[in-house]
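Residue numbers (the numbering used here), protein chains in the order written: chain A, 19 to 190; chain B, 19 to 190.
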């Protein structure tokens, strides 16, 4: 992870894409969202979706996978350059999750995360808090998933010392 | 599903509970949230969580599973009594999802959903919109998961006719 000081509002990460196959859609649904239109092509054809489509929790969980793998690749590249990696803290949750269009079997979803806000944490001086807008877009350029997340990100130790000054506003 | 007219603000559904085992925690994490504290006991012991714990997406997806199975049981019981079932429409999404405490291997989470608001849909006269507050609570009574959802629910056909009157306020 980049340090808090190295993250700017507007930074965009293209974290990866995934082709949702029929088999994995059905497998996820059987475990976590056993509705006919996620489990069976014929039943889905009769539903308001019109064809087999992925559980919204599946498309959101795939964002998590790609976000973690993206971070691991970035960390490995920084390590290879001899640069330190910041720690990403726990996520307090997310907001305004919207499933805007169905994700059908065979769709490829490209996920991106854009930094919408950053602020220092008053309760945790070694950490900053970033707000991120996360999206999933299908192969036709249609937005299918949108949600906002927050995350604590480690500050550079020198920046977190009491003598450091910066212009980022303080919160919580 | 109950018809919109038969749902009251304050109605609570205890939709079921689930014991999160270490193996399933690791299996979900390997697919969707490959972070050390979700995949390996020793790494988790060294992390800020202190022990193996489930991905937040896993605990949220399990809510979905139990909610669907609860609805299927309720529908089957209504059918057995000779009563009709309303259709549950698509979910526009979720709001304010909070992972309030870790869910550790061996924890049993009990999920509940409580109706927080209901209103008629102006754009879709055959449907009402309900707002639901969903929670997960561990075996110690601690809230671990909280989020708010919306869902379109079918109205009784006679209630949705233009001559019907009721006191529910209209929205959208």
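Backbone N, C-alpha and C define an ideal beta-carbon position, used for all residues, glycine too.
Chain B places no beta carbon closer than 8 Å to that of residue 38/A, leaving this residue out of the contacts. Annotation note: the region 74-135 of chain A contains the following uninterrupted alpha helix (DSSP H) runs of length 4 or greater, listed N- to C-terminal: 74-98.
Three or more Cβ pairs closer than 8 Å define a contact, and the region 53-62 of chain A falls short of that threshold against the region 165-174 of chain A. If you look at residue 49/B, you'll find it in the alpha helix (DSSP H) that goes 40-50. Three or more Cβ pairs drawn from the region 47-61 of chain B and the region 71-82 of chain B lie within less than 8 Å of each other, which places the two stretches in contact.
Pairing residue 163/A with residue 125/B, the inter-Cα distance amounts to about 30 Å. Under the three-pair Cβ rule at 8 Å, the region 88-103 of chain B does not count as touching the region 136-144 of chain B. Considering only 143/B, 120/B, 112/B, 146/B, the residue with the shortest C-alpha distance to residue 158/B is 120/B. Contact annotation for residue 151/A against chain B: no contact, minimum CB-CB distance about 14 Å [criterion: below 7 Å]. For residue 172/A, the three-state secondary structure derived from DSSP is strand. For residue 54/B, no CB of chain A lies under 8 Å from its own CB, so it is not counted at the interface with that chain. Closest in C-alpha terms to residue 85/B, from the list 174/B, 175/B, 156/B, 152/B, comes 152/B. The beta carbon of residue 83/B falls within 8 Å of a beta carbon belonging to chain A, placing the residue at that interface. A Cβ of chain B is located within less than 8 Å of the beta carbon of residue 115/A. Residue 143/A is outside the set of residues whose beta carbon lies under 8 Å from a beta carbon in chain B. Taking 8 Å as the cut-off, the Cβ atoms of residue 114/B and residue 166/B count as close.
Rounded to the nearest angstrom, the gap between the Cα atoms of residue 27/A and residue 146/A is 13 Å.
When 8 Å is used as the limit between beta carbons, residue 80/B is near these residues of chain A: 50, in chain order.
Judged by DSSP secondary structure, residue 57/A falls within the alpha helix (DSSP H) whose first and last residues are 54-57. Of all residues in the region 98-113 of chain A, the ones placed with a Cβ closer than 8 Å to any Cβ belonging to chain B are 107, 108, 109, 110, 111, 112, 113, in chain order.
Distance from residue 155/A to residue 175/A at the Cβ level is roughly 38 Å; contact not present, criterion being Cβ atoms closer than 8 Å. The DSSP-derived three-state label of residue 165/B is strand.
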